[in-house]
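Below is one structure, written out as structure tokens, with a few remarks after it.
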Amino acid sequence: MRDDSTSFTSSLWDRPAPIRPPRHAAANAIPDEVLSDAQVPAHLTPLPDAPEHLTMYLVSNGTGGLLKQRLVDLGFTPGTPIRLVRKGPRGSLIAVRLRDTVIALRSDEARLILVTPEAPSPSAFEHPG
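Position one of the sequence shown corresponds to residue 10 (the numbering used here), numbered consecutively onward.
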């Protein structure tokens, strides 16, 4: 009787690794058109530049694709109170408190989220018509 188990396991290791399909364009976290610091209105602050432990209010979520949808699902919507809890040691990550939950974000993605220290009026988010 012939032992075929070694030929079966060796054939598994001889196979090339599967090729992953490219990420869909909608999955890009950062949109093509990003505001430079000079283009951000004076009363708005990118989230990583907000003072720590001060409650700010989310004005704009400028991320794109799947990241934007995920952030909206987590509660990153206009008018929501948000607080910068901590910055990472090299500044590449930040932790924010949003609706009694601490969430870690990459600083380059968080830079696309704009906040203001003043609570926005409810009419600021109403759709005309």
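Even for Gly, the Cβ is constructed at its ideal location relative to N, Cα and C.
On a predicted model such as this, the values are computed, not experimentally measured, just so you know.
Excluding five sequence neighbours on each side, which residues of the same chain lie with their C-beta closer than 8 Å to the C-beta of Glu127?
Here residue 127 refers to the residue found at position 118 when the sequence shown is read from its first residue. Counting only Cβ-Cβ distances below 8 Å, and skipping sequence neighbours, we find His52 and Tyr66.
Given Leu107, which residues of its chain have a CB within under 6 Å of its CB, disregarding the five upstream and five downstream residues?
For the purposes of this step, residue 107 is taken as the residue at position 98 of the sequence shown. If we look at Leu107 and ignore the five residues flanking it on each side, its Cβ neighbours are Gly84 and Ile91.
Determine whether the beta carbon atoms of Thr54 and Val124 lie at a separation below 8 Å.
Within the sequence shown, residue 54 is the residue found at index 45, counting from 1. Within the sequence shown, residue 124 is the residue found at index 115, counting from 1. Cβ distance < 8 Å, so Thr54 and Val124 count as in contact.
Let me check understanding here. Comparing Cα to Cα, which of Gly88, Ala104, Thr86 and Val81 lies closest to Pro60?
On the sequence shown, position 51 is the one that residue 60 refers to. Cα-wise, what sits closest to Pro60 is Ala104.
Can you give me the start and stop residues for the alpha helix (DSSP H) that Arg79 sits inside?
For the purposes of this step, residue 79 is taken as residue 70 along the sequence shown, with counting starting at 1. Note, Arg79: alpha helix (DSSP H), Gly74 to Leu83.
For Ser116, which three-state DSSP category applies?
For this step, residue 116 is matched to residue 107 along the sequence shown. The answer is helix: DSSP assigns Ser116 an H, G or I state.
For Ile122, the nearest candidate out of Lys96, Leu63, Asp58 and Ser69 (CA to CA):
Locating residue 122 in the sequence shown gives position 113, counting from the first residue. Answer by Cα proximity: Ser69.
Which term fits Pro57, buried or exposed, when burial requires 16 or more other beta carbons within 10 angstroms of its beta carbon?
The residue you call residue 57 lines up with position 48 of the sequence shown. The residue in question, Pro57, is buried, as its Cβ has 16 or more Cβ neighbours within 10 Å.
Considering only C-alpha positions, which residue in the set Gly74, Leu102 and Thr64 is nearest to Gly88?
Stepping through the sequence shown from its first residue, residue 88 is reached at position 79. Checked all of Gly74, Leu102 and Thr64; the closest Cα to Gly88 is Thr64.
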